[in-house]
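Everything below concerns the one structure shown next.
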Amino acid sequence: MSDQKIKVLFVCLGNICRSPMAEAVFAHTALQKGLQSRFIADSAGTSSYHIGEPPHPRTIKLCTDSGIRIDHSARMLEINDFDEFDYIFCMDDMNLRESKKLMKSAKNPKATVKLFGEYDPQGKTTIEDINRLCLLSDPYHSGNEAYKEVFEQVTRCSEAFLQSLGF
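Note that the UniProt record's numbering has the sequence shown beginning at 1, numbered continuously upward.
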């Protein structure tokens with residue numbers, strides 16, 4: 001692999017729950033493996049609901065209680081993100097559709113855009129579940145357990161993604 005940093009962007013709806021959690025967990029996972037100098041991680045949302053806001057308090061608490069630094073201000077996914085990032089990982093089908101729609105307007109898109117859950121070794125693979133495959137459920141209106149489930153899933157996905165790159 002070259003010395004150029006791999007740029008990874010995580011996308012959810014409001015950029016205050018799932019995607020900043022995925023960004024923080026991924027960065028922490030890379031740090032734990034001594035790979036922090038190989039990656040740039042960021043996150044964004046497909047909506048403008050929370051621009052400039054910090055992550056949801058439950059996201060912050062779960063990350064900090066796990067020893068993971070999280071410091072982010074919500075932003076929207078932008079056209080130039082497709083030119084800048086190598087990977088854009090969406091949390092659900094709606095995020096994926098919105099991202100691919102926006103990508104059509106990018107000048108020189110280089111990003112691989114897909115569901116982050118595709119890396120989950122516990123993901124469902126049956127044809128009957130194809131429309132629900134690999135989703136990270138939005139915990140926004142849910143309790144602590146939903147946030148914990150998302151945390152566990154983004155942890156598995158982060159590990160598996162790094163393994164897929166040979167790390």
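Just so it is clear, CB atoms sit at the ideal spot from N, CA and C, and this is done for glycine as well.
Local conformation of residue i per DSSP, three classes
| i | result |
| --- | --- |
| SER66 | coil |
| THR59 | helix |
| THR155 | helix |
| GLU128 | In this prediction, GLU128 has a pLDDT of 31, which is less than 50 and means its spatial position is unreliable; what the coordinates show is noted afterwards. Three-state DSSP puts GLU128 in a helix. |
| LEU162 | helix |
| LEU102 | helix |
Residue i: first and last residue of the uninterrupted beta strand (DSSP E) it sits in
| i | result |
| --- | --- |
| PHE89 | 87-90 |
Opening and closing residue of the alpha helix (DSSP H) in which residue i lies
| i | result |
| --- | --- |
| THR29 | 18-32 |
| ASP42 | Looking at the DSSP string, ASP42 is not in any alpha helix (DSSP H); the run it does join, the beta strand (DSSP E), is 39-45. |
| GLU84 | 81-84 |
CB-CB length for residue i against residue j, believed under 8 Å
| i | j | result |
| --- | --- | --- |
| CYS12 | GLY52 | Going by Cβ atoms, the distance from CYS12 to GLY52 rounds to 16 Å, so no, they are not a contact pair. |
| LEU9 | TYR119 | Actually they are not in contact, since the Cβ atoms of LEU9 and TYR119 sit about 15 Å apart, beyond 8 Å. |
| TYR147 | LEU77 | About 22 Å; that fails the 8 Å criterion. |
| CYS17 | HIS56 | 5 Å |
| SER158 | THR29 | 4 Å |
DSSP beta-bridge partners of residue i
| i | result |
| --- | --- |
| LYS114 | PHE89 |
| residue 170 | Nothing can be reported for residue 170: it is not among the residues displayed for the chain, which extend from 1 to 167. |
| VAL150 | BP columns for VAL150 are empty, so no partner. |
| MET76 | GLY45 |
Option in the options with minimal Cα separation from residue i
| i | options | result |
| --- | --- | --- |
| ARG75 | SER48, ASP83, PHE85 | SER48 |
| ARG58 | GLN32, MET94, MET21, ASN80 | MET21 |
| GLY67 | SER37, MET103, ALA27 | ALA27 |
| ASN15 | THR112, ILE40, ILE60 | ILE60 |
| ASP42 | LEU96, SER19, ILE79, GLN36 | SER19 |
| residue 219 | LEU162, ALA160, GLY117 | No statement about residue 219 is possible, as the shown extent of the chain runs from 1 to 167 and does not include it. |
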